[in-house]
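Enquirer:
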DNA sequence: TAGTGGTCTAGACCACGGG
DNA sequence: CCGTGGTCTAGACCACTAT
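Chains as they are written, first to last, in the working numbering: chain A, 27 to 273; chain B, 27 to 273.
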């Protein structure tokens, strides 16, 4: 059974997607829709609010609601912890800690993170393996002020990303995706050629305005990609474009 | 002025972000919150529904609402039309049409697009320049069945992406981001070195189950990146991680 | 079975902003 | 001004599910 506001949402969505209602076109006002669907205005409002939140319509007081002219072209990327991702895909994940060192933030990293020079940090480097093949290098900085428990954590059994997600309840985050050429060290670790195109995900996470962690995860370009659906609900995606991050 | 449901939303968001309410912890039921905020249950419900939609809480009938244990780690990437993006960033955008040809879908592309062999297509290739420097190569296939108007469009004054967005009201889309090494032709066009790491965005768009267009946009890795905020509402992002796609 | 969320109503007042 | 959306109320019934 679908609720009334869901039905209204889908009906209007369909009208827009099919081109029945053109961009810029004004759609019926709440009272009219309420009459059409024989429901209260609040129910209509719930559907229209959801449509507006998705960017499919634009709502203006006094003027009315309009089919969005500016086609929103954004995509939701699932950026999962590597171990979780590998598990979900049915692959075996393993990792090796290459470095674990307590340091103080130097000038260059301080500028990068926008945190004060000299702050105590835990610097980690580890190699992730999927089905026994190197899949990613993780270079991470954890701010010890923000996550004091990390000081005594060896990450021997739980990968840093997973551990942090469990420790730090919530955060703001910023993601950047870049393409870079593998330098000598990276190539050696990933068992690929020097100069090979790599996909790097940079993620900085904050809590209450303070950096929790900063991480660069570098994947070999020939074995990794990011994929995102425009509509999270969409399931009927062709296999050939399906996520293949763990191949 | 912030509305009551906004205040409730923010209060709970803060409690979760600060760690005051731990993951898995049960939060007050709707009636209790309604009493606390001296508002109706519907108002509380609106706030909690929004929190649930963002994945910050999980709601279960009879059991109650709980702080989400599985930290969602997804990001919203704005994937804009290059010309629009450049304009927004205050850069000058130009493009050159390198190829425009009506063909029939060959076996390899048909498999890639999951469309029938022999379907009529418009194949485009163009070079995008930002501030006079090559910024991207766009290789595009437009299905003429889905967009018959494209047959007579020269794209002399409007870039294909922009034109299509105006023509095709809405669609499902699939995005893939890859790192690839520049081949000879790509390197020449982008005025970079052969083998240089490039960031490729692949986008396939559907309408009513039929492919509208398939495009590969390849950017030089040293001049481009994708960036996304975890929270779309978040504005206080450090400059050094800000979008620099048009630099 | 009883507690909780999901949905809905038939009003209401107000803020905004186009005419 | 006054039409439209934004918000809110004080109930109500129902579906689900933990106990």
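The beta carbon of each residue, even a glycine, is placed where N, CA and C say it ideally should be.
#1: Quick one: grab the DSSP three-state call for residue 27 of chain A.
#2: Chain A beta carbons: is any one of them nearer than 8 Å to that of residue 9 of chain B?
#3: From the beta carbon of residue 236 of chain B, is the nearest beta carbon of chain A less than 8 Å away?
#4: Just the chain B side, please: which residues come within less than 7 Å of residue 27 of chain A by C-beta, in chain order?
#5: Tell me whether the region 63-71 of chain B and the region 29-41 of chain B touch, counting them as touching only if at least three CB pairs, one residue from each stretch, are closer than 8 Å.
#6: How far does the beta strand (DSSP E) with residue 46 of chain B in it reach, from first residue to last?
#7: Pick helix, strand or coil for residue 92 of chain B, following the three-state DSSP scheme.
#8: So, with DSSP's three-state summary, where would you put residue 181 of chain A?
#9: If you run the structure through DSSP and keep just helix, strand and coil, what is residue 253 of chain A?
#10: Rounded to the nearest angstrom, what separates residue 259 of chain A and residue 140 of chain B at their Cα positions?
#11: Counting C-beta neighbours from all protein chains within 10 Å, is the total for residue 48 of chain A 16 or more, i.e. buried, or is it exposed?
#12: What residues in the region 81-94 of chain B have a beta carbon less than 8 Å from any beta carbon of chain A?
#13: Count the other CB atoms, across all protein chains shown, that sit within 10 Å of the CB of residue 239 of chain B; report buried if there are 16 or more and exposed otherwise.
#14: Using C-beta distances below 6 Å, list every residue in its chain close to residue 165 of chain A, excluding the 5 sequence neighbours before and after it, in chain order.
#15: Just how far apart, CA to CA, sit residue 271 of chain A and residue 77 of chain B?
#16: Using a beta-carbon distance below 8 Å, is residue 266 of chain A in contact with chain B?
#17: How is residue 160 of chain B classed by DSSP in three states: helix, strand or coil?
#18: Let me confirm a value: residue 175 of chain B is counted as buried when at least 16 other C-beta atoms fall within 10 Å, else exposed. Which label applies?
#19: The alpha helix (DSSP H) with residue 214 of chain A in it runs from where to where?
#20: Please report how far the alpha carbon of residue 194 of chain B lies from the alpha carbon of residue 244 of chain B, in whole angstroms.
#21: Could you give the residue range of the alpha helix (DSSP H) that holds residue 140 of chain A?
#22: Can you list, in chain order, the residues of its chain with a C-beta nearer than 8 Å to that of residue 63 of chain A? Leave out the 5 residues immediately preceding and following it.
#23: Residue range of the alpha helix (DSSP H) that residue 175 of chain B falls in?
#24: Please report the straight-line C-alpha distance between residue 145 of chain B and residue 213 of chain B, rounded to a whole angstrom.
#25: Quick one: is residue 173 of chain B near chain A, going by C-beta distance under 8 Å?
#26: Only counting the same chain, and skipping five residues up and downstream in sequence, which positions put a Cβ closer than 6 Å to that of residue 40 of chain A?
#27: Leaving out five residues before and five after residue 61 of chain B in sequence, what residues of the same chain have Cβ atoms less than 7 Å from its Cβ?
#28: Per DSSP, residue 57 of chain A is paired with what?
#29: What span of residues does the alpha helix (DSSP H) with residue 75 of chain A cover, start to end?
#30: Based on Cα-Cα distance, which residue from A/89, A/94, A/58 lies nearest to residue 45 of chain A?
#31: With 9 Å as the limit, tell me which residues of the region 201-223 of chain B have their beta carbon closer than that to any beta carbon of chain A; keep them in chain order.
#32: Residue 147 of chain B and residue 168 of chain B: beta carbons closer than 8 Å?
#33: So residue 154 of chain B and residue 119 of chain B are supposed to be a Cβ contact under 8 Å. How far apart are they, rounded?
#34: Chain B beta carbons: is any one of them nearer than 8 Å to that of residue 252 of chain A?
#35: Does the distance from the CB of residue 205 of chain B to the CB of residue 223 of chain A come in under 8 Å?
#36: With a threshold of 6 Å on Cβ separation, who are the neighbours of residue 282 of chain B within its own chain once the five nearest residues in sequence on each side are excluded?
Expert: The answer reads as follows:
#1: coil
#2: The structure shown has nothing for residue 9 of chain B, since chain B only spans 27 to 273.
#3: no
#4: Simply none; closest approach about 15 Å.
#5: The region 63-71 of chain B makes contact with the region 29-41 of chain B; the number of CB pairs closer than 8 Å reaches 3 or more.
#6: Unbroken run through residue 46 of chain B: none, as it is neither H nor E.
#7: Residue 92 of chain B sits in a strand when the DSSP states are folded into three classes.
#8: coil
#9: Residue 253 of chain A: strand per DSSP, three-state reduction.
#10: For residue 259 of chain A, the pLDDT reaches just 30, beneath the cut-off of 50, and the residue's location in the model is therefore unreliable, although a value from the coordinates is still provided. If you take the alpha carbons of residue 259 of chain A and residue 140 of chain B, they lie about 21 Å apart.
#11: exposed
#12: 82, 93
#13: buried
#14: 151, 242
#15: At residue 271 of chain A, the pLDDT of 33 sits below 50, so the modelled position is not reliable and the matter cannot be decided from this model.
#16: Here residue 266 of chain A scores only 34 on pLDDT, less than 50, and its place in the model should not be relied on; the value that follows carries that caveat. It does: the Cβ of residue 266 of chain A has a partner Cβ on chain B nearer than 8 Å.
#17: strand
#18: By the C-beta density criterion, residue 175 of chain B is exposed, having fewer than 16 other C-beta atoms within 10 angstroms.
#19: 210-216
#20: 23 Å
#21: For residue 140 of chain A, there is no enclosing alpha helix (DSSP H), as DSSP marks it with neither H nor E.
#22: 30, 33, 34, 69, 70
#23: Segment: none, residue 175 of chain B is in no alpha helix (DSSP H) and carries neither H nor E.
#24: 31 Å
#25: Taking Cβ atoms only, chain A never reaches closer than 8 Å to residue 173 of chain B, which makes this a no.
#26: Here the set comprises nothing.
#27: The beta carbon of residue 61 of chain B lies closer than 7 Å to none in the same chain, with the five residues before and after it left out.
#28: Looking at the DSSP assignment, residue 57 of chain A forms no beta bridge with any residue, so it has no partner.
#29: 67-79
#30: A/94
#31: Within the region 201-223 of chain B, the qualifying residues are 201, 202, 203, 204, 205, 206, 207, 208, 221, 222, 223.
#32: Yes, these two residues count as a Cβ contact at 8 Å.
#33: 7 Å
#34: yes
#35: yes
#36: The question about residue 282 of chain B has no answer here: the residues shown for chain B are numbered 27 through 273.
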